[in-house]
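Chains as they are written, first to last, in this note's numbering: chain A, 158 to 576; chain B, 214 to 506.
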C-alpha cells in the first residue's frame, strides 16, 4: 500500500493535476447550467429532502477521526429528521440525508468522490477531513459551483472568500491554534525555553507561524530548538533526543499523526525530558493518545478546544453531552465514547448547517451560501462557553475562537494561565 | 557525546523493528525462493489475533503463543491453497500475488478491527535503564534480544539441521529435491508456516510501540526490504546487521549531516543499497548465486 505511495507520489500529483485540468476544461459548461443561479432549484434538494455529501477517510491511518466526521453529522441530522426535519427559510420542511464517501486521505480518491457526488446529485459537500483531500477538489467545486463548506481543515485558503467563493472552513485555522499557545506563554510572566517539532507541510508550518507571531514581542519566551519530521516517518526518536538536549521547558509538538504523538510522549519521559507540552486539537485525545502515552508524567499537557469534552468528568452530566452521546449511539452508528474531537465538531457542523437551512429563502446553492455566510454568535451544542460560530468575517473559518485547555488526567479543563 | 550515544541506541531500537520483519522475509526466501511482500500484512494480522485473544481475557503471553501457532497454520494454508498455484511459474507473477495478498490481508484486518489505533499491551515494561549515559528502554532492549535470539535460531536451523538443509534444497531446486525424495509440498508449507510464526512474533513485539492499525508495518516493510537486500537475501545475520545499520545511520545522518536532515533520512538506506549493490551484488553477507548454463 505505502510501497506504492513513494514512487507514485509524483505520478499521483501529475494524475491529480490532469484530472483537475480535465474537469476544469470539460465541466465548466455543465456547471454553469446546474450551478444554481437565479431562483432555480439546485440539484440535491426537493420539496421534502436535501442531500449532503461527505468525502473523508473511512479507511487508512486517519480513519479514526474520519469516521467521526460522518458519525457526528449523521447523529445530528438523525435526531433532527426523527423530529420531522428542518423548517427551511422557504417555508418547506425537509429531511436531511447524509451520504458518505471514503477517500482514505488520498487526494485522487477525494477528487473522484467529488465527481461521484455530483453524479449522485449531492446539494453540498461538507464536514470532510483533510487538507490535501479537500484541496484536491476545491477547483472543481468552484467551477461547478458546488458548496464545499464547513470542512475540517485548518488551511486558511478555504476561508478566503475571493480565492474560495464556494468554500468555508469549519475548524480554527492552524495559525489560530498556534497563536493561542503563544499568547498563553507570552502572558505567563516567567522565563520559558521552547522546543518545536513540526510536520514538514502547511499543517506544521501554520502552527509554527501562528505561535511565533504570538510570542514575537515577548522577552520571556525564546525558541531554543526547532526541528521537523515527515508525515510518513515511523519514529521521531532522533528528533526528540536532539530537542531534549536543548534543555527546553516547553515543547510545542505540531504533529498530526496519532501513533507518533503517543510514542513521542513515551520517548521523552524515557530519556528524562519532562517539559510542558502543547499539542494540536486533533492529536490531543485523552483516551486515544494521552493515556497510552503516559501523559500524566509531565507537568502539563495543553491543547486548544472549542468543544466540551464528553470524557471529562466536568461535562459528564452536561445536557448537550448527554444528548450528543445518545444521538451518536442511535443515529451515528458510533456506540463508544468518541476518541476524537471530530465527532463533536461534525455534530456542530450539523447545527451550523441547520441554522443556514433555516435562513435560506430559496432552494438553491446561491441562497444557501448567502445564508451560511450570515451566521453570527451561534452557540452550537457542545461549544465551550466563550466560543461561538461566526461565519461573517472574511479570512476566518466558521469557528476561529479557541480556548487553551489543560489535561487533568481524564479530560480537559480550560486553562486561564500557563502553569 | 551523550546525544550521540542516545542516537545510536535509538537507531538500534528502530533497526530492531525492521530486523524482525526482515528475518521473516529472509526465512520465506530461503524456504521458497520467493519474496513475500505480504509478510508485513500477515504479521499485523497475527498481532490482531493476539489482540483478540487478550480481549477474551487470556494472559498476554498465552495469547501471543496462540497467535504464533494460528499464524503457522495460516501461513501453511496460504502456501498450500494460494501460492502453490503460482510456484514453478514466473516468479514475478508470484511476487505480484503476494502484493495482492498484502492488500487483502490489510483489508481483512480493517473490516474486522477497523482503522482506529488500538493499544496493544507490551510483554515488557516501559521502564528504562541507563547504559553509557544513554537511556535504553527495557522494551526495545528486550525486543533486540529476542530478535538476536531468533536470528541465531534461524542461522542454526538453516545451516546445522536436516530440516534446514531440506528447506534450502527445495527453495534452490524443487525438481531435484523432489527426485531425491524430499516432500517438496510439505516443506514449502512448513517454510511459510515458520515465516508466518516469526512474523507473528515481530508483530507483537512492535505493536505496543507503533499501536495496532492495519497499515502498521507498511513503512517498516520498505525498510525491511532494504535491510534484506543490503544484508543479503540468504543471511539472517546479514539482514539483522543491515537493519541495525540502517536505523543508526539514518539517525546520525539526520542529525549530523545538515544536507540530509530529518526530512531526507528515508533516502539514506536506499543510497546505501545503491552503493553496496554496485560493489557487492549479493549483499553484504549473502552468498553468490551461480547459475550453470
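Quick reminder that beta carbons are idealized off the backbone N, C-alpha and C, glycines included.
Under 8 Å between C-beta atoms of residue i and residue j
{"i": "residue 286 of chain A", "j": "residue 306 of chain A", "result": "no"}
{"i": "residue 231 of chain A", "j": "residue 500 of chain A", "result": "no"}
{"i": "residue 420 of chain B", "j": "residue 440 of chain B", "result": "no"}
{"i": "residue 539 of chain A", "j": "residue 478 of chain A", "result": "yes"}
{"i": "residue 561 of chain A", "j": "residue 338 of chain A", "result": "yes"}
{"i": "residue 437 of chain B", "j": "residue 234 of chain B", "result": "yes"}
{"i": "residue 353 of chain B", "j": "residue 480 of chain B", "result": "no"}
{"i": "residue 372 of chain B", "j": "residue 382 of chain B", "result": "no"}
{"i": "residue 388 of chain B", "j": "residue 243 of chain B", "result": "no"}
{"i": "residue 397 of chain A", "j": "residue 424 of chain A", "result": "yes"}
{"i": "residue 254 of chain B", "j": "residue 433 of chain B", "result": "no"}
{"i": "residue 413 of chain B", "j": "residue 280 of chain B", "result": "yes"}
{"i": "residue 520 of chain A", "j": "residue 494 of chain A", "result": "no"}
{"i": "residue 229 of chain B", "j": "residue 427 of chain A", "result": "no"}
{"i": "residue 322 of chain A", "j": "residue 525 of chain A", "result": "no"}
{"i": "residue 280 of chain A", "j": "residue 309 of chain A", "result": "no"}
{"i": "residue 232 of chain B", "j": "residue 360 of chain B", "result": "yes"}
{"i": "residue 221 of chain A", "j": "residue 328 of chain B", "result": "yes"}
{"i": "residue 236 of chain B", "j": "residue 430 of chain B", "result": "no"}
Neighbourhood of residue i by C-beta distance below 7 Å, restricted to the same chain and skipping five residues each side
{"i": "residue 464 of chain B", "result": "220, 223 and 224"}
{"i": "residue 223 of chain A", "result": "213, 214, 215 and 286"}
{"i": "residue 273 of chain B", "result": "267, 334 and 336"}
{"i": "residue 440 of chain A", "result": "412, 413, 415, 418 and 446"}
{"i": "residue 384 of chain A", "result": "354, 396, 399 and 400"}
{"i": "residue 169 of chain B", "result": "The structure shown does not extend to residue 169 of chain B, since chain B spans only 214 to 506, so no value can be given for it."}
{"i": "residue 378 of chain A", "result": "342, 343, 349, 351 and 372"}
Boundaries (first-last residue) of the beta strand (DSSP E) holding residue i
{"i": "residue 563 of chain A", "result": "560-564"}
{"i": "residue 433 of chain A", "result": "433-435"}
{"i": "residue 283 of chain A", "result": "281-283"}
{"i": "residue 475 of chain B", "result": "Segment: none, residue 475 of chain B is in no beta strand (DSSP E) and carries neither H nor E."}
{"i": "residue 343 of chain B", "result": "341-344"}
{"i": "residue 308 of chain A", "result": "305-308"}
{"i": "residue 410 of chain A", "result": "407-411"}
{"i": "residue 347 of chain B", "result": "347-350"}
{"i": "residue 325 of chain A", "result": "324-326"}
Extent of the continuous alpha helix (DSSP H) run through residue i
{"i": "residue 375 of chain B", "result": "375-385"}
{"i": "residue 292 of chain B", "result": "273-294"}
{"i": "residue 341 of chain A", "result": "331-343"}
{"i": "residue 325 of chain B", "result": "304-326"}
{"i": "residue 496 of chain B", "result": "Neither: residue 496 of chain B is in no alpha helix (DSSP H) and is coded neither H nor E."}
{"i": "residue 231 of chain B", "result": "215-245"}
{"i": "residue 350 of chain A", "result": "Residue 350 of chain A -> not in any alpha helix (DSSP H); beta strand (DSSP E) instead, spanning 349-356."}
{"i": "residue 580 of chain A", "result": "Shown here, chain A extends from 158 to 576; a query on residue 580 of chain A therefore has no answer."}
{"i": "residue 462 of chain A", "result": "No alpha helix (DSSP H) contains residue 462 of chain A, which is instead part of the beta strand (DSSP E) from 458-462."}
Supposed close pair residue i, residue j - CB separation, criterion 8 Å
{"i": "residue 233 of chain A", "j": "residue 507 of chain A", "result": "3 Å"}
{"i": "residue 437 of chain A", "j": "residue 364 of chain A", "result": "6 Å"}
{"i": "residue 496 of chain B", "j": "residue 459 of chain B", "result": "Contact flag wrong, Cβ pair sits at about 13 Å."}
{"i": "residue 460 of chain A", "j": "residue 541 of chain A", "result": "The Cβ separation is near 12 Å, so there is no contact."}
{"i": "residue 428 of chain B", "j": "residue 256 of chain B", "result": "The Cβ separation is near 12 Å, so there is no contact."}
{"i": "residue 393 of chain A", "j": "residue 462 of chain A", "result": "Not quite, the Cβ-Cβ distance comes to about 24 Å (not below 8 Å), so this is no contact."}
Cβ neighbours of residue i in the same chain (closer than 8 Å, five flanking residues each side left out)
{"i": "residue 215 of chain B", "result": "346 and 347"}
{"i": "residue 450 of chain B", "result": "364, 368, 444 and 498"}
{"i": "residue 289 of chain B", "result": "402, 403, 405, 406 and 409"}
Residues near residue i by beta carbon distance below 6 Å, same chain, minus five either side
{"i": "residue 191 of chain A", "result": "Per-residue confidence for residue 191 of chain A stands at a pLDDT of 44, beneath the threshold of 50, marking its modelled position as unreliable; the derived number appears in the next sentence. Contacts found: 200."}
{"i": "residue 219 of chain A", "result": "262"}
{"i": "residue 318 of chain A", "result": "551"}
{"i": "residue 449 of chain A", "result": "419"}
{"i": "residue 490 of chain B", "result": "none"}
{"i": "residue 430 of chain A", "result": "401"}
{"i": "residue 206 of chain B", "result": "Only positions 214 to 506 of chain B appear in the structure, and residue 206 of chain B is not among them; the question remains open."}
Which residues, in chain order, does the stretch 364-397 of chain A contribute to contact with chain B at a C-beta distance below 7 Å? Going along the stretch 364-397 of chain A in chain order, one finds 384, 385, 386, 387, 389, 391, 392, 394, 395 and 396 with a Cβ nearer than 7 Å to chain B.
Quick one: which residues of the stretch 425-437 of chain A get their C-beta closer than 7 Å to a C-beta of chain B? List them in chain order. So the list reads 427, 428 and 429, given in the order they occur along the chain.
Residues of the stretch 408-424 of chain B with a CB closer than 7 Å to any CB of chain A: list them in chain order, please. Among the residues of the stretch 408-424 of chain B, those with a Cβ less than 7 Å away from any Cβ of chain A are 422, 423 and 424, in the order of the chain.
For the stretch 220-231 of chain B, which residues have a CB atom closer than 8 Å to at least one CB atom of chain A, in sequence order? Correct list: 220, 223, 224, 226, 227 and 230.
If contact means a Cβ-Cβ distance below 9 Å, which residues of the stretch 299-313 of chain B contact chain A? Hits within the stretch, in order: 312.
Give me the subset of the stretch 406-420 of chain A whose CB atoms are less than 8 Å from a CB atom of chain B, sorted by chain position. Going along the stretch 406-420 of chain A in chain order, one finds 415, 416, 419 and 420 with a Cβ nearer than 8 Å to chain B.
Please list the residues of the stretch 349-362 of chain B that have a C-beta atom closer than 8 Å to any C-beta atom in chain A, keeping them in chain order. Cβ contacts with chain A: 350.
Name the residues in the stretch 447-472 of chain A whose C-beta lies less than 9 Å from a C-beta of chain B; which are they? Answer set for the stretch 447-472 of chain A: 448, 449 and 451.
For the stretch 333-348 of chain B, which residues have a CB atom closer than 7 Å to at least one CB atom of chain A, in sequence order? Cβ contacts with chain A: 339, 341 and 348.
What residues from the stretch 200-221 of chain A come within 7 Å of chain B, judged by C-beta to C-beta, listed N to C? Cβ contacts with chain B come from 216, 217, 218, 220 and 221.
Mind listing which residues of the stretch 488-522 of chain A have their C-beta closer than 8 Å to chain B's C-betas, in chain order? Cβ contacts with chain B come from 496.
Under 8 Å (Cβ pairs) to chain A, residues found in the stretch 264-295 of chain B: Taking 8 Å as the Cβ-Cβ cut-off against chain A, none of the residues of the stretch 264-295 of chain B qualify.
Output needed in chain order: residues of the stretch 462-477 of chain B with a Cβ under 7 Å from some Cβ in chain A. Listed in sequence order: 464, 467, 468, 475 and 476.
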